[in-house]
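S.K.:
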Amino acid sequence: MKKQVNELIPNFKPFIPRESIDNVIKTLKTAWIGGDGPRVKQFEAEIAKIIKNKNVLAVNSGTSALQLALRLAGVRNGEVVSTPMTCFATNAAILVEGATPVWADINPETGNIDPADIVKKITKKTKAIMVVHWGGAPAEIDYIGKIASNYNLPVIEDAAQALGSEYTGSPIGSHSDFVTFSFQAIKIINTVDGGLLATKKKSHAKRGKILRWYGIDREERKWKKPFSFWEYSITEIGYKAQMTDVSAAIGLGQLPYLKSHLIHRRKLAKIYEEALKNAKTLKAQKILPKAKSNYWIFTVLCDNKNTKLNLWKKLNKIGVRAEEAHRRNDIYPVFAKYKKDDLPGVTNFDDNHIIIPVGHWVSEQQAGQIAEILASFKH
Numbered sequence: 000m001k002k003q004v005n006e007l008i009p010n011f012k013p014f015i016p017r018e019s020i021d022n023v024i025k026t027l028k029t030a031w032i033g034g035d036g037p038r039v040k041q042f043e044a045e046i047a048k049i050i051k052n053k054n055v056l057a058v059n060s061g062t063s064a065l066q067l068a069l070r071l072a073g074v075r076n077g078e079v080v081s082t083p084m085t086c087f088a089t090n091a092a093i094l095v096e097g098a099t100p101v102w103a104d105i106n107p108e109t110g111n112i113d114p115a116d117i118v119k120k121i122t123k124k125t126k127a128i129m130v131v132h133w134g135g136a137p138a139e140i141d142y143i144g145k146i147a148s149n150y151n152l153p154v155i156e157d158a159a160q161a162l163g164s165e166y167t168g169s170p171i172g173s174h175s176d177f178v179t180f181s182f183q184a185i186k187i188i189n190t191v192d193g194g195l196l197a198t199k200k201k202s203h204a205k206r207g208k209i210l211r212w213y214g215i216d217r218e219e220r221k222w223k224k225p226f227s228f229w230e231y232s233i234t235e236i237g238y239k240a241q242m243t244d245v246s247a248a249i250g251l252g253q254l255p256y257l258k259s260h261l262i263h264r265r266k267l268a269k270i271y272e273e274a275l276k277n278a279k280t281l282k283a284q285k286i287l288p289k290a291k292s293n294y295w296i297f298t299v300l301c302d303n304k305n306t307k308l309n310l311w312k313k314l315n316k317i318g319v320r321a322e323e324a325h326r327r328n329d330i331y332p333v334f335a336k337y338k339k340d341d342l343p344g345v346t347n348f349d350d351n352h353i354i355i356p357v358g359h360w361v362s363e364q365q366a367g368q369i370a371e372i373l374a375s376f377k378h
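Numbering that gives the first Met the number 0 applies: residue 0 is where the sequence shown begins, and numbers increase by one.
1. Any idea what DSSP makes of Gly344, helix, strand or coil?
2. Compute the Euclidean distance between the alpha carbons of Ser232 and Leu314, then round it to the nearest angstrom.
3. Among the candidates Glu78, Phe87, Ala115, Asn90, whose CA atom is the shortest distance from the CA of Thr99?
4. Check the C-beta distance from Thr243 over to Gly61 and give it rounded, since I have them as a contact under 8 Å.
5. Tell me the residue span of the beta strand (DSSP E) that contains Pro100.
6. Distance check for Asn189 and Thr26, CA to CA, integer angstroms please.
7. If you run the structure through DSSP and keep just helix, strand and coil, what is Val95?
8. Would Glu397 pass as a contact of Gly252 if the rule is Cβ separation under 8 Å?
9. Buried or exposed: where does Glu230 fall if 16 or more other Cβ atoms within 10 Å of its Cβ makes it buried?
10. In terms of alpha-carbon separation, which member of Leu94, Tyr337, Lys304, Asn76 lies closest to Asp349?
11. Just reading off the alpha helix (DSSP H) that Glu313 is part of, what are its end residues?
12. Do Val58 and Leu195 have their beta-carbon atoms positioned less than 8 Å apart in this structure?
13. Taking the DSSP output, what are the residues bridged to Thr179?
14. By the three-class DSSP mapping on this structure, what secondary structure does Leu281 have?
15. Does the count of Cβ pairs from the stretch 294-312 and the stretch 166-174 closer than 8 Å reach three?
16. Between which two residues does the beta strand (DSSP E) containing Lys126 stretch?
17. Who pairs with Pro297 in a beta bridge, going by DSSP?
18. Expressed to the nearest angstrom, what Euclidean distance is found between the alpha-carbon atoms of Ala72 and Ser148?
19. To the nearest whole angstrom, what separates the beta carbons of Glu323 and His352, a pair I think is in contact under 8 Å?
20. With DSSP as the reference, please indicate the residues paired to Gln396 in a beta bridge.
21. Secondary structure at Tyr166, three-state DSSP: helix, strand or coil?
22. If I follow the unbroken alpha helix (DSSP H) through Val39, where does it start and stop?
23. Round the Cβ separation of Ser238 and Ser63 to the nearest angstrom and send it over; I've been treating them as touching at under 8 Å.
24. Do you know whose CA, among Gly367, Val101, Ala240, Phe87, lies nearest Val408's CA?
25. Cβ atoms of Gln160 and Gly193: under 8 Å apart, would you say?
26. Rounded to whole angstroms, how far is the Cβ of Ile143 from the Cβ of Ile128, which I believe are closer than 8 Å?
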């Protein structure tokens with residue numbers, strides 16, 4: 000693998016097949032390019048099949064999906080137990096919806112929230128539990144679901160990175176009260192930007208559909224007399240969050256490739272995992288026995304910061320970008336006024352994780368060369 004100047008193999012790269020481009024052109028020639036049109040409905044139907052959940056709402060971003068979920072969960076003026084080891088969007092949505100994030104620790108081997116620490120953080124003010132699937136690797140959602148049931152709390156899964164992942168043999172999107180997905184540009188399936196909310200209850204999906212377009216129930220509007228288009232019964236304020244038909248057209252062109260993307264990513268991940276089995280200072284992110292990851296990213300855990308830096312240098316030399324995926328959210332000034340507990344799992348993972356390329360743009364030969372670095376790495 001020859002290094003090219005200023006051109007490293009990246010960890011993220013958009014996938015736009017010819018089908019997506021053709022779909023967009025066809026859509027632009029129709030009378031409907033905006034929100035909640037026929038292509039959005041088709042996209043929702045296809046995702047519903049993939050996640051085995053009919054209660055789905057396509058929106059304009061994964062963040063909007065999170066905000067809808069939090070709104071439906073009724074978290075305002077309460078607390079949400081969450082992980083700081085995630086994309087900023089996860090916890091920003093909690094603030095925007097008028098709630099307080101309460102930080103729970105993570106398992107430093109998986110990168111996912113620690114169910115035992117969730118229990119410690121639940122108070123009378125707790126309104127929901129937020130779960131993130133780091134890099135597409137599912138958290139312990141069966142255990143977390145039992146905890147939530149004991150305290151009569153809803154579970155919100157931030158599955159922004161986890162389309163195609165599975166837990167206990169069922170697809171992510173079919174387990175919890177609320178599950179949100181992202182179709183942002185660098186996700187496995189993208190709509191350039193977009194998201195989706197899946198709910199366990201049909202009633203939540205119905206209310207969410209109204210909230211995603213200002214609070215207007217478009218299915219109940221009256222057409223019985225002239226000039227009646229805007230005669231809506233608006234009972235609560237919503238958002239401008241619907242997905243457009245143009246975005247849905249892009250996603251529809253990509254969905255036939257999802258299966259092959261998952262096969263390829265899992266094949267590359269296996270190459271890396273085999274290389275890391277005998278490494279003394281490196282190891283792969285732990286995937287739970289009940290889980291099947293989509294490997295949106297591949298996370299390597301180093302034994303210390305020096306090891307991390309040296310691995311970065313060695314991969315950089317052969318033209319491979321190694322980097323951090325996210326930074327712990329509780330260090331950001333916007334969260335400064337909220338209690339910052341000692342979170343040893345978060346500290347360990349935040350300091351020592353590094354990600355390596357695992358997408359459709361990485362060949363098996365390139366993965367093999369990366370694996371050679373991992374297998375022979377000494378310090």
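For glycine and all other residues, C-beta sits at the position ideal for the given N, C-alpha and C.
Source: prediction; values computed, not measured.
M.R.: From the atom records:
1. helix
2. 59 Å
3. Glu78
4. Contact doesn't hold; Cβ gap of about 15 Å is too wide.
5. 99-102
6. 17 Å
7. helix
8. Nothing can be reported for residue 397: it is not among the residues displayed for the chain, which extend from 0 to 378.
9. exposed
10. Lys304
11. The sequence given here has Lys at residue 313, not Glu. Taken as a continuous stretch (DSSP letters only), the alpha helix (DSSP H) holding Lys313 covers 304-316.
12. yes
13. Asp157, Leu196
14. strand
15. no
16. 125-131
17. Going by the sequence as given, residue 297 is Phe instead of Pro. BP columns for Phe297 point to Ile355.
18. 14 Å
19. 7 Å
20. What is shown of the chain runs 0 to 378, which leaves residue 396 out entirely.
21. strand
22. 37-50
23. The sequence shown places Tyr at residue 238, rather than the Ser named in the question. With 8 Å as the limit, Tyr238 and Ser63 qualify as a contact, their Cβ atoms being about 7 Å apart.
24. Here the chain has residues from 0 to 378 only, and residue 408 is not among them.
25. no
26. 6 Å
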